[in-house]
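Colleague: Below are the structure tokens for one structure; questions will follow.
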Amino acid sequence: MAMKPGLQRPLRRLRMLAAALTVGTLLSLGDIASAEAQTNTTSPAQTNNNPKLWLEAAFEPDSPYVQSQGVYTLRLYQAISVRDLQFHAPAALLADIRPIGADRITEATRHGHRYRVTERRYAVFPVASGELALSGAHVTGLAALPGPSQALRIAAPSTPFAVRPIPPAAGTSAWLPARTLTLSETWSPDPSEARPGEALRRTIRIEAHGLTAAQLPALAPEGTGFSAHPEAPRLGNRFDDAWNVGTREQTWLIVPTRPGPLTLPALQVHWWDVRAHQPRTANLSARALTVVAAATDAAPPIEPTGSSTLSATTPPPAPDAPPAHTPRIYKATTTAALSALALTAAVAALGYFLRQRRRRTATLRQLKTACRHNDPHAARDALLRWSVERWPANPPRCLGELGRRMADAALQTAVAELERHLYGPDASTWDSHALHIGRNSLKSASTRRDDDLPPLYSNQGATASLKHFGLNSKHML
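Once you know that position 217 of the sequence shown is 217 in the UniProt record's numbering, the rest is easy, because the numbers rise by one and skip nothing.
Written as structure tokens, this is what we have:
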């Protein structure tokens with residue numbers, strides 16, 4: 001793939017450092033006390049015939065795609081003992097950096113000397129294309145020398161690399177840069193036993209190497225002849241060696257509404273293969289079901305016998321009726337306690353709502369200012385801040401995911417245009433007019449959510465609880 005001239009200069013600089021971006025800070029026994037000031041980009045053999053401590057930094061791949069994962073590795077080579085060893089992560093303004101698992105300890109021979117090697121790895125997710133530098137990584141500890149231990153600090157040199165933009169061949173679908181992505185499904189019970197009105201559980205699973213669970217899209221079955229009711233999605237992240245594996249599982253209750261043939265349409269997820277540099281598609285094939293009509297033969301009525309016969313004019317006793325001797329004071333105390341609890345919850349909810357509304361109002365003012373000044377970066381920051389305030393438990397990690405949560409089509413288009421301007425190959429001037437107009441719809445936070453569909457079963461828990469105390473809804477008035 002041809003790179004822009006602006007992206008080639010960082011790549012040449014990386015090749016000048018080394019093929020694996022290997023850089024180091026060298027220490028000998030006689031100069032540990034001045035370690036903080038010593039930093040260079042040469043090999044150990046070139047500067048010190050017998051270095052006792054040195055630090056190596058590496059990054060792969062050499063040019064990642066925007067929003068894809070890279071791996072930054074620090075390796076400390078030590079020929080002397082170091083106590084209280086601590087690794088400190090690098091920093092970057094436009095990247096999300098997370099530690100990967102526990103440290104790995106091995107041994108290695110370099111330039112004829114045996115070293116204990118302690119390795120710490122970090123997952124790096126760039127959020128913008130262009131040149132990005134990871135800086136500030138270092139290790140600290142106490143070097144065990146004859147006499148008092150000496151504090152040391154070894155700094156890793158800055159590691160620059162180029163971040164690729166979204167390629168034009170990726171199309172207009174959600175941007176999912178991954179090493180692998182799979183789509184699968186499970187059913188319970190067997191869908192061949194479908195009957196009208198009886199729910200089938202269909203679980204759809206997306207698994208991607210090199211993406212987080214928050215980046216994976218929601219998939220919804222669509223079609224006629226059935227209704228679909230979602231359960232809460234299950235998101236998970238784990239590391240397979242150095243690569244984050246994000247998973248999203250969504251269970252749907254599929255309820256056929258009529259007998260006869262039923263077809264569930266195919267599902268597709270378009271993604272970008274970061275190793276082959278080409279688009280790919282994960283598929284779930286369409287599934288044809290045959291819904292069998294429920295049996296209509298009714299069971300014969302049971303004839304009442306002798307002592308069990310009840311008079312037609314005498315209603316049976318209500319099993320949930322309260323005892324006749326329930327004291328009135330017990331009912332009054334229970335009602336007062338429930339009312340106080342409800343009032344406390346209402347006041348707390350109102351206070352939380354007012355605080356959240358003030359925060360969102362301030363963020364929307366910042367978005368308005370960014371649109372007036374036609375500042376795309378400030379607009380992106382304001383939108384992401386608003387999304388954190390709107391969904392504190394599971395905020396969108398990028399503009400693409402935020403756009404998919406919006407129900408307003410014009411606002412979806414405006415967010416997509418902003419994302420293409422920031423991360424796509426098009427460098428034209430951004431027009432903030434559409435986002436400025438769509439900003440008003442953010443005030444009502446009218447969004448698409450997984451639980452917008454009606455629940456399959458109603459909850460009778462509140463009514464049962466009131467009956468347990470000998471109450472009904474009129475006691476709460």
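Using N, Cα and C, we set each Cβ at its ideal position, and we do this for glycine too.
Keep in mind that this is a model prediction, so the values were computed, not measured.
May I ask which residues mark the beginning and end of the alpha helix (DSSP H) holding valine 388?
Modeller: It spans 376 to 390 - the alpha helix (DSSP H) in which valine 388 sits, taken as one unbroken run.
Colleague: Going by Cα to Cα distance, which pick from Thr251, Gly236, Val255 and Pro168 is closest to glycine 197?
Modeller: Nearest of Thr251, Gly236, Val255 and Pro168 to glycine 197, Cα basis: Val255.
Colleague: Rank Gln150, Gln69 and Ala102 by C-alpha distance to the C-alpha of aspartate 84 and give the top, closest one.
Modeller: Selected option, being the one with the closest Cα: Gln150.
Colleague: Whole angstroms is fine: what's the gap from isoleucine 97's alpha carbon to proline 160's?
Modeller: Roughly 15 Å between the two C-alpha positions.
Colleague: Compute the beta-carbon to beta-carbon distance between alanine 213 and threonine 247, rounded to the nearest angstrom, for a pair I have assumed lies under 8 Å.
Modeller: Yes, they are in contact, since the Cβ atoms of alanine 213 and threonine 247 sit about 6 Å apart, within 8 Å.
Colleague: Tell me the DSSP secondary structure of glycine 225 in three-state form.
Modeller: Looking at glycine 225 - three-state DSSP - the assignment turns out to be coil, as it is neither helix nor strand.
Colleague: Quick check on the DSSP output: the alpha helix (DSSP H) that includes histidine 433 runs from which residue to which?
Modeller: Element bounds for histidine 433: 433 to 438.
Colleague: Helix, strand or coil for glutamine 215, going by three-state DSSP, please let me know.
Modeller: Here glutamine 215 sits in helix by DSSP.
Colleague: Just how far apart, CA to CA, sit histidine 421 and glutamate 207?
Modeller: Answer to the nearest angstrom: the Cα atoms are 29 Å apart.
Colleague: Have a look at serine 173 and histidine 270 and give me their C-alpha separation to the nearest angstrom.
Modeller: Between serine 173 and histidine 270, the C-alpha separation is close to 7 Å.
Colleague: How many Å lie between arginine 365 and proline 396 at the Cα?
Modeller: One C-alpha to the other measures close to 20 Å.
Colleague: On the premise that tryptophan 54 lies in contact with tyrosine 72, defined as a C-beta separation below 8 Å, what is that separation, rounded to the nearest angstrom?
Modeller: Contact doesn't hold; Cβ gap of about 18 Å is too wide.
Colleague: Where does proline 148 land, buried or exposed, given buried means 16+ other C-beta within 10 angstroms?
Modeller: It counts as exposed.
Colleague: In whole angstroms, give me the CA-to-CA distance for proline 157 and valine 415.
Modeller: Cα-Cα distance, rounded: 37 Å.
Colleague: Which two residues bound the contiguous beta strand (DSSP E) that contains glycine 141?
Modeller: Residues 138 to 143.
Colleague: Here's a check: name, in chain order, each residue in its chain whose Cβ is nearer than 7 Å to the Cβ of aspartate 240, leaving out the five neighbours to either side.
Modeller: Same-chain partners within the cutoff: His209.
Colleague: Which class does phenylalanine 87 belong to by DSSP, given the choice of helix, strand or coil?
Modeller: Correct three-state label for phenylalanine 87: strand.
Colleague: Is the region 54 to 69 touching the region 267 to 281, taking contact as three or more C-beta pairs under 8 Å?
Modeller: Yes: at least three Cβ pairs fall under 8 Å.
Colleague: From this set, Asp381, Arg439 and Glu119, which residue's C-alpha is nearest lysine 409's C-alpha?
Modeller: For the record, residue 409 in the displayed sequence is alanine; it is not lysine. The option with the nearest alpha carbon to alanine 409 is Arg439.
Colleague: Just to confirm my understanding: we take tryptophan 386, look at its own chain, exclude 5 residues before and 5 after, and list those with CB closer than 8 Å. What are they?
Modeller: So the list reads Arg360, Thr363, Leu364, Leu367 and Leu442, once near-sequence residues are dropped.
Colleague: If I'm right that tyrosine 122 touches alanine 89 with Cβ under 8 Å, what's the distance once you round it to whole angstroms?
Modeller: That belief holds up - the Cβ atoms of tyrosine 122 and alanine 89 are roughly 6 Å apart, short of 8 Å.
Colleague: Which same chain residues end up closer than 7 Å to leucine 216 when comparing Cβ atoms and leaving out the 5 residues on each side of it in sequence?
Modeller: The residues are Ile206, Ala208, Gly246 and Arg248.
Colleague: Strictly by DSSP, which residues pair up with glutamine 67?
Modeller: Answer is none; glutamine 67 lacks a bridge partner.
Colleague: Mind reading off the beta-carbon distance from arginine 164 to serine 63? Whole number of angstroms is fine, and I expect it under 8 Å.
Modeller: With 8 Å as the limit, arginine 164 and serine 63 qualify as a contact, their Cβ atoms being about 6 Å apart.
Colleague: Let's see if you can read the secondary structure: which residues bound the alpha helix (DSSP H) around leucine 399?
Modeller: Residues 399 to 405.
Colleague: Starting from the C-beta of phenylalanine 59, find all residues in its chain whose C-beta is less than 8 Å away, skip the five residues before and the five after it, and write them out in chain order.
Modeller: Same-chain partners within the cutoff: Leu21, Gly70, Val71, Tyr72, Thr73, Val124, Leu134, Thr159 and Phe161.
Colleague: In this structure, how does DSSP classify proline 230 when only helix, strand and coil are distinguished?
Modeller: Correct three-state label for proline 230: strand.
Colleague: Can you tell me whether valine 274 is helix, strand or coil according to DSSP?
Modeller: Valine 274 falls in the coil class under three-state DSSP.
Colleague: Exposed or buried, asparagine 244, counting other C-beta atoms within 10 Å across all chains shown (16 or more means buried)?
Modeller: Asparagine 244 should be labelled buried.
Colleague: Can you give me the Cβ contacts of isoleucine 204 inside the same chain, cut-off strictly under 6 Å, excluding the 5 residues immediately before and after it?
Modeller: Around isoleucine 204: Glu185, Leu219 and Gln250.
Colleague: Applying the 10 Å Cβ sphere with the 16-neighbour rule, what's the burial state of alanine 379?
Modeller: Flag for alanine 379 reads buried.
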